[in-house]
Amino acid sequence: MGKRHTEEDKKLLVSLYENGKSVQEICEKYQISRSALYNWIKLYTERKAPKTGTIISGHRIVCLEEENRKLREENEILKKASCGCNASRSEKIQAVQELYGQYSLRALCDALGLARGTFYNHMKSPKIQKLVDRQNEEFRPIIRKIFEDSKGRLGARPIRAKMHEMGYEISVRRINYLMKEMKLSAVVPKPDAAYMHPRSKFYRNKLSRNFDQTEANKVWASDITYVPVGDQFYYVCVILDLFSRRVLSYNISDRIDTNLTIKAFMRAYKSRNQPQGLLFHSDQGCQYTAYVFRQILKGYHVEQSFSTPGQPHDNAVLETFFSAFKKEQVYRNVYRTKKELEASVAEYIEFYNEGRPHRKLNMKTPAQFEAEYFSALNTK
Numbered sequence: 376m377g378k379r380h381t382e383e384d385k386k387l388l389v390s391l392y393e394n395g396k397s398v399q400e401i402c403e404k405y406q407i408s409r410s411a412l413y414n415w416i417k418l419y420t421e422r423k424a425p426k427t428g429t430i431i432s433g434h435r436i437v438c439l440e441e442e443n444r445k446l447r448e449e450n451e452i453l454k455k456a457s458c459g460c461n462a463s464r465s466e467k468i469q470a471v472q473e474l475y476g477q478y479s480l481r482a483l484c485d486a487l488g489l490a491r492g493t494f495y496n497h498m499k500s501p502k503i504q505k506l507v508d509r510q511n512e513e514f515r516p517i518i519r520k521i522f523e524d525s526k527g528r529l530g531a532r533p534i535r536a537k538m539h540e541m542g543y544e545i546s547v548r549r550i551n552y553l554m555k556e557m558k559l560s561a562v563v564p565k566p567d568a569a570y571m572h573p574r575s576k577f578y579r580n581k582l583s584r585n586f587d588q589t590e591a592n593k594v595w596a597s598d599i600t601y602v603p604v605g606d607q608f609y610y611v612c613v614i615l616d617l618f619s620r621r622v623l624s625y626n627i628s629d630r631i632d633t634n635l636t637i638k639a640f641m642r643a644y645k646s647r648n649q650p651q652g653l654l655f656h657s658d659q660g661c662q663y664t665a666y667v668f669r670q671i672l673k674g675y676h677v678e679q680s681f682s683t684p685g686q687p688h689d690n691a692v693l694e695t696f697f698s699a700f701k702k703e704q705v706y707r708n709v710y711r712t713k714k715e716l717e718a719s720v721a722e723y724i725e726f727y728n729e730g731r732p733h734r735k736l737n738m739k740t741p742a743q744f745e746a747e748y749f750s751a752l753n754t755k
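Position in the sequence shown (from 1) plus 375 gives the number in my numbering.
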């Protein structure tokens, strides 16, 4: 993001915070200072305390939520640890070693009342160094295999999630260190630049950037991007469920017309057993506002929601998906035929749904997240 921030940019960053992103994560990703973000949070999120009616600033809300998070984390650590705060130093060091990788070293040491310097000195001992070296020898091929299986798309956090599923406890910092040592560097998507169009008077944004849904098949989002193939362009229309971020369907064509979106919608609608009470969100491209497309959705009692022209963040989930798709797949290939593009899109979407952990999903893949959701529904 540039040095100057529009009001829309500021509101977007505040909405990221309100939707669960940490202050540190937002500041690092968008290269802004904490003080600037705190000021914007204060500007846009002042609230009244329910009983007293006192105004609570956004900065105070951040501090209280951070304190609450730390207390919850400390309680979790003390429940899992093999000793308590009154244990001996050697017992505390052993407990920190057992949980190291699940929590940050700072959190572990603070919870157990152990100085971090004490733990560092312990880790520098020859005996421990030999153990660390043996572990690293075991971890390197596993990290490399996960990285290569993802075709270089996964960074340290999703690799850690994959290793955790396999039963390995390892920290993100350690994976970063080993990846750097092995010269493994993941593709990192960057935000696209904003663009402007005249404001529409006709179509409402019913979603209003409420991207985090609590049920499947309540809100789907769609968008179209283009990919160069030989000396022409092909268009890829994607539909995903905002609940799980799963790609439900896609369609590829050399024509950017209504058939492109109709086929994608019908595939998704049939594959999800014709859900009821569905909201379908998109931009105001003519492929989505065309009379025939709107009538098809109306016939299935599907409501439509539209991004405000000139506001790409209104469909931020699809913007993010296509940014990752292009950087992780399209820009790394040269397509000569439609068949090559189709095979590439199919391969990437399978990887995205089945093999790419998402922070928003607690480092689960869309397929895992949905499987747990539907399993819980069936047991009720």
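A virtual CB, placed ideally from N, CA and C, is assigned to each residue, including glycine.
Check: Are the CB atoms of His688 and Glu393 nearer to each other than 9 Å?
Finding: No, the pair does not count as a contact, with Cβ atoms beyond the cut-off.
Note to self: With a threshold of 8 Å on Cβ separation, who are the neighbours of Arg734 within its own chain once the five nearest residues in sequence on each side are excluded?
What the structure shows: So the qualifying residues of the chain are Arg532.
Check: What residues in its chain sit with their C-beta under 7 Å from that of Glu745, if we drop five residues either side in the sequence?
Finding: Once the five neighbours on either side are set aside, the close Cβ partners of Glu745 are Ala591, Ser619 and Arg621.
Notebook entry, point to check: Exposed or buried, what is Cys484 when buried is set at 16 or more other beta-carbons lying within 10 Å of its beta-carbon?
Noted result: By the Cβ-count criterion, Cys484 is buried, with 16 or more other Cβ atoms from all chains shown falling within 10 Å of its own Cβ.
Next item on the list: Return the chain-ordered ranges of every beta strand (DSSP E) run that is complete within the region 469 to 506 and spans a minimum of 3 residues.
Entry: When DSSP assignments are scanned along the region 469 to 506, no uninterrupted stretch of beta strand (DSSP E) that is 3 or more residues long falls wholly within it.
Checklist line | Lys386 versus Asn450 - alpha carbon distance | finding: Put simply, the backbone Cα of Lys386 is about 34 Å away from that of Asn450.
Notebook entry, point to check: Which of the three DSSP states, helix, strand or coil, is assigned to Ile627?
Noted result: In the three-state reduction of the DSSP assignment, Ile627 falls in the strand class, which pools E and B.
Next item on the list: Can you check DSSP and say which residues form a bridge with Gln679?
Entry: Gln679 is bridged by DSSP to Phe655.
Next item on the list: Mark Phe749 as exposed unless 16 or more other C-beta atoms lie within 10 angstroms of its C-beta, in which case mark it buried.
Entry: With fewer than 16 other Cβ atoms from the protein chains shown falling within 10 Å of its own Cβ, Phe749 counts as exposed.
Margin query: By the DSSP assignment, the alpha helix (DSSP H) with Pro741 in it spans what residues?
Written below: Per DSSP, Pro741 belongs to the alpha helix (DSSP H) from Pro741 to Thr754.
Next item on the list: Could you check if Ala536 is buried or exposed, using at least 16 other CB atoms within 10 Å of its CB as the buried criterion?
Entry: If you draw a 10 Å sphere on the C-beta of Ala536, you find 16 or more other C-beta atoms in it, and that means buried.
Checklist line | Three-state secondary structure assigned by DSSP to Arg621 | finding: Strand at Arg621.
Notebook entry, point to check: Around the Cβ of Asn753, are there at least 16 other Cβ atoms within 10 angstroms (buried) or fewer (exposed)?
Noted result: Exposed.
Next item on the list: May I ask you to verify whether the region 546 to 556 touches the region 649 to 660, counting CB pairs closer than 8 Å and requiring at least 3?
Entry: These segments do not touch.
Item checked: Delimiting residues of the alpha helix (DSSP H) encompassing Val709 -> Secondary structure note for Val709: it is in no alpha helix (DSSP H), with a DSSP letter that is neither H nor E.
Next item on the list: Using alpha carbons as the reference points, say which of Glu715, Gln743 and Glu717 lies closest to Asn728.
Entry: Looking at the Cα atoms, Gln743 is the closest of the given residues.
Next item on the list: Would you be able to state if there are at least three C-beta pairs under 8 Å between the region 514 to 523 and the region 692 to 705?
Entry: The answer is no - the region 514 to 523 does not touch the region 692 to 705, with fewer than three Cβ pairs under 8 Å.
Next item on the list: Could you check if Phe668 is buried or exposed, using at least 16 other CB atoms within 10 Å of its CB as the buried criterion?
Entry: The residue is buried, with at least 16 neighbouring Cβ atoms inside 10 Å.
Notebook entry, point to check: Any idea if Asp524 is buried or exposed, counting beta-carbon neighbours within 10 angstroms, 16 or more meaning buried?
Noted result: Its Cβ having fewer than 16 others within 10 Å, Asp524 is exposed.
Margin query: Are the CB atoms of Phe514 and Arg549 within a distance shorter than 9 Å?
Written below: In this structure, Arg549 lies near Phe514, with their beta-carbon atoms less than 9 Å apart.
Check: What did DSSP end up calling Tyr609 once you bin it into helix, strand or coil?
Finding: Here Tyr609 sits in strand by DSSP.
Check: Is it the case that the Cβ atoms of Leu653 and Tyr675 are separated by a distance below 9 Å?
Finding: Yes.
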